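**Student:** My questions will all concern the structure given below.
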Amino acid sequence: MAQTVLHTANTRGAADHGWLKSFHSFSFAGYYNPDRIHFGALRVLNDDFVTGGMGFGEHPHDNMEIISIPLEGELQHQDSLGNTATIKAGEIQVMSAGTGVYHAEYNPDSENPAKFLQIWVFPNKRNVEPRYDQITIDKDTRNEFVQVLSPNADDAGVWIYQDAWFNMARFDANTSKTYTFHKEGNGAYIFVLKGSIKIDGQDVNTRDGFGIWDTAKFEISASTEAEFLIMEVPMKF
Amino acid sequence: MTNILIVCSNEPIAATIARLINKMEDWHATVALSLNEAMENCYAKAFEVILIGSGITQPQEDVLKLHLEKLKANSTVVKHYGGGSGLLYAEIYQALADK
Numbered sequence: 001m002a003q004t005v006l007h008t009a010n011t012r013g014a015a016d017h018g019w020l021k022s023f024h025s026f027s028f029a030g031y032y033n034p035d036r037i038h039f040g041a042l043r044v045l046n047d048d049f050v051t052g053g054m055g056f057g058e059h060p061h062d063n064m065e066i067i068s069i070p071l072e073g074e075l076q077h078q079d080s081l082g083n084t085a086t087i088k089a090g091e092i093q094v095m096s097a098g099t100g101v102y103h104a105e106y107n108p109d110s111e112n113p114a115k116f117l118q119i120w121v122f123p124n125k126r127n128v129e130p131r132y133d134q135i136t137i138d139k140d141t142r143n144e145f146v147q148v149l150s151p152n153a154d155d156a157g158v159w160i161y162q163d164a165w166f167n168m169a170r171f172d173a174n175t176s177k178t179y180t181f182h183k184e185g186n187g188a189y190i191f192v193l194k195g196s197i198k199i200d201g202q203d204v205n206t207r208d209g210f211g212i213w214d215t216a217k218f219e220i221s222a223s224t225e226a227e228f229l230i231m232e233v234p235m236k237f
Numbered sequence: 001m002t003n004i005l006i007v008c009s010n011e012p013i014a015a016t017i018a019r020l021i022n023k024m025e026d027w028h029a030t031v032a033l034s035l036n037e038a039m040e041n042c043y044a045k046a047f048e049v050i051l052i053g054s055g056i057t058q059p060q061e062d063v064l065k066l067h068l069e070k071l072k073a074n075s076t077v078v079k080h081y082g083g084g085s086g087l088l089y090a091e092i093y094q095a096l097a098d099k
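Protein sequence lines, in the order shown, are assigned to chains H and P. Positions 1 to 237 (the working numbering) are the ones given, in order, by the first sequence. Positions 1 to 99 (the working numbering) are the ones given, in order, by the second sequence.
Right, here's the structure in full:
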């Protein structure tokens, strides 16, 4: 029988650093909730708002798969691997931190905020050579799951060192679709960006997170026009 | 005082982790850049938490754990992820809670 957990938007940790407002679905920095540490291999889901012209100065990471999905605006990326790039809404960025990488991200638009999801997944392999990639994702497809991340370099989307699959979806109201897991033992954490959906009958609203595992598939139906991200990750890793 | 040993061969990242730990009033960080340094530190001092950072392999971690067993040390060994990031404090709180 499927097991589930609902994290409503108003139960997330909140941080306001002036230039950065962030909502944490799981324990992060000053927000510590022992009941909200991770969902399987999904460790961080931060919903970030960066003020115009501001950003994250150079800082290190290691042994983590770091995925950024801009929702509005742009982020300028620079890292110790020699990459300089701008990512904007409709793109996805991935960094395997491995043995260690320094990077900085800032909002180059002095007027408008940048909004993005910062997602960290525990890697299935430690101390790999750091790597960076970014791609454009399909924004036009509606009423389908659009794969944006997988474990396979030759599959759709970016890839990471973990048996994880991410799908973005834009559903019209009253659209239903069944999600089938790629791998036994995986669970899915669904984060609603906009609108309201039902997952196996459970209402999930804007900025809520819903985890489901111990099942081979589940049904998502849109109560309104809705956008959401499905993050399938191993529950044991 | 809670003594925390960081075992990490990436020196700048180890320094970042130590700086963040030492910002906490009751925590004190010691850095070991190799397995040998970690083992020497464990002879000299008792650590409540040992963080295994980047560059340390699983066999090296296993050797360290065996060493701690022989010393009858009450240290909790945890893998550190993220490189001195937003996960660090939760990892340490969890390790202390699990003791």
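All C-beta atoms in this analysis are idealised placements derived from N, C-alpha and C, irrespective of residue type, glycine included. As the structure is a computational prediction, the values presented were derived from the model and not from experiment.
Which ranges does the beta strand (DSSP E) cover as unbroken runs of at least 3 residues, wholly within the segment 11-98 of chain P, from first to last along the chain?
**Tutor:** Runs found: 27-32, 49-52, 76-79.
**Student:** Quick one: is leucine 87 (chain P) near chain H, going by C-beta distance under 8 Å?
**Tutor:** Here the question's residue 87 (chain P) lines up with position 87 in the second sequence. So, interface residue.
**Student:** Residues bridged to glutamine 76 (chain H) by DSSP?
**Tutor:** Taking the first residue of the first sequence as position 1, residue 76 (chain H) is located at position 76. According to DSSP, glutamine 76 (chain H) bridges with H:Thr86, H:Tyr106.
**Student:** Taking C-beta pairs closer than 9 Å, name the residues in chain P that isoleucine 67 (chain H) reaches, listed in chain order.
**Tutor:** Along the first sequence, read from residue 1 onward, the residue named residue 67 (chain H) stands at position 67. Chain P residues near isoleucine 67 (chain H): none, gap ~13 Å exceeds 9 Å.
**Student:** Name the one or two DSSP bridge partners that phenylalanine 237 (chain H) has.
**Tutor:** On the first sequence, residue 237 (chain H) is found 237 positions in, with the first residue counted as 1. For phenylalanine 237 (chain H), which the question treats as bridged, DSSP gives no partner whatsoever.
**Student:** Against chain P, which members of the segment 49-75 of chain H pass a CB distance test of less than 9 Å?
**Tutor:** So the list reads His59, Pro60, His61, Asp62, Asn63, Met64, Ile66, given in the order they occur along the chain.
**Student:** Can you find at least 3 beta carbon pairs, one from the segment 48-58 of chain P and one from the segment 76-84 of chain P, that sit closer than 8 Å?
**Tutor:** Because the criterion of three Cβ pairs below 8 Å is met, the segment 48-58 of chain P and the segment 76-84 of chain P touch.
**Student:** In this structure, how does DSSP classify threonine 4 (chain H) when only helix, strand and coil are distinguished?
**Tutor:** The count along the first sequence starts at 1 and reaches residue 4 (chain H) at position 4. Strand.
**Student:** Per DSSP, what are the beta-bridge partners of alanine 60 (chain H) in this structure?
**Tutor:** By one-based count along the first sequence, residue 60 (chain H) stands at place 60. Looking at the sequence shown, residue 60 (chain H) is not alanine but proline. Beta-bridge pairing links proline 60 (chain H) to H:Tyr102.
**Student:** Compute the Euclidean distance between the alpha carbons of glycine 98 (chain H) and tyrosine 132 (chain H), then round it to the nearest angstrom.
**Tutor:** Numbered from 1 along the first sequence, position 98 holds the residue referred to as residue 98 (chain H). Numbered from 1 along the first sequence, position 132 holds the residue referred to as residue 132 (chain H). Near 11 Å, if we compare the C-alpha coordinates of tyrosine 132 (chain H) and glycine 98 (chain H).
**Student:** Per DSSP, what are the beta-bridge partners of proline 70 (chain H) in this structure?
**Tutor:** As a first step, residue 70 (chain H) is located in the first sequence; it is residue number 70 there, counting from the start. Paired residues: H:Phe116.
**Student:** Hey, glycine 195 (chain H) and alanine 169 (chain H): beta-carbon distance below 8 Å or not?
**Tutor:** Position 195 of the first sequence, counting from 1, holds the residue named residue 195 (chain H). Position 169 of the first sequence, counting from 1, holds the residue named residue 169 (chain H). For glycine 195 (chain H) and alanine 169 (chain H), no; Cβs fall outside 8 Å.
**Student:** Among all the DSSP beta bridges, which residues are the ones paired with alanine 9 (chain H)?
**Tutor:** Working through the first sequence from its first residue, we reach residue 9 (chain H) at position 9. The partner list for alanine 9 (chain H) (beta bridge, DSSP) is empty, contrary to what the question assumes.
**Student:** Are there 16 or more other CB atoms within 10 angstroms of the CB of methionine 1 (chain P), so buried, or fewer, so exposed?
**Tutor:** By 1-based counting over the second sequence, the position of residue 1 (chain P) is 1. Result: exposed.
**Student:** Is it the case that the segment 148-165 of chain H contacts the segment 210-220 of chain H, given that we only count it when at least three CB pairs across the two stretches are under 8 Å?
**Tutor:** As far as the Cβ criterion goes, the segment 210-220 of chain H does not touch the segment 148-165 of chain H, which means the pair count is below three.
**Student:** With a threshold of 8 Å between beta carbons, is serine 54 (chain P) in contact with chain H?
**Tutor:** Residue 54 (chain P) sits at position 54 when you count from the first residue of the second sequence. Chain H, which has a Cβ nearer than 8 Å to the Cβ of serine 54 (chain P), makes this yes.
**Student:** Using a C-beta to C-beta distance shorter than 9 Å, which residues of chain H count as neighbours of threonine 16 (chain P)?
**Tutor:** In the second sequence, counting from the first residue as 1, residue 16 (chain P) sits at position 16. Near threonine 16 (chain P) (Cβ distances below 9 Å), the residues of chain H are His59, Pro60.
**Student:** Taking the beta carbon of tyrosine 179 (chain H) as the centre, do at least 16 other beta carbons fall within 10 Å, making it buried, or is it exposed?
**Tutor:** By one-based count along the first sequence, residue 179 (chain H) stands at place 179. Buried is the call here.
**Student:** Specify, as a first and last residue, the run of the beta strand (DSSP E) that serine 9 (chain P) falls within.
**Tutor:** As a working note, residue 9 (chain P) is residue 9 in the second sequence. Counting along the chain, serine 9 (chain P) falls outside any beta strand (DSSP E), and DSSP gives it neither H nor E.
**Student:** Per DSSP, serine 22 (chain H) is paired with what?
**Tutor:** As a working mapping, residue 22 (chain H) is identified with position 22 in the first sequence. In DSSP, serine 22 (chain H) forms a bridge with H:Ala15, H:Asp48.
**Student:** Since I believe alanine 29 (chain P) is in contact with asparagine 41 (chain P) (beta carbons under 8 Å), could you give me their beta-carbon distance rounded to a whole number of angstroms?
**Tutor:** Here residue 41 (chain P) refers to the residue found at position 41 when the second sequence is read from its first residue. Here residue 29 (chain P) refers to the residue found at position 29 when the second sequence is read from its first residue. With 8 Å as the limit, asparagine 41 (chain P) and alanine 29 (chain P) do not qualify as a contact, their Cβ atoms being about 11 Å apart.
**Student:** Three-state secondary structure (DSSP) at glutamate 144 (chain H)?
**Tutor:** What you label residue 144 (chain H) is simply residue 144 of the first sequence in a count that begins at 1. Of the three classes helix, strand and coil, the one that applies to glutamate 144 (chain H) here is coil, per DSSP.
**Student:** Does asparagine 127 (chain H) get closer than 8 Å to chain P when you measure Cβ to Cβ?
**Tutor:** The sequence position of residue 127 (chain H) within the first sequence is 127, counting from 1. It does: the Cβ of asparagine 127 (chain H) has a partner Cβ on chain P nearer than 8 Å.
**Student:** Please state whether the Cβ-Cβ distance between isoleucine 13 (chain P) and glycine 86 (chain P) is less than 8 Å.
**Tutor:** In the second sequence, counting from the first residue as 1, residue 13 (chain P) sits at position 13. In the second sequence, counting from the first residue as 1, residue 86 (chain P) sits at position 86. No, the pair does not count as a contact, with Cβ atoms beyond the cut-off.
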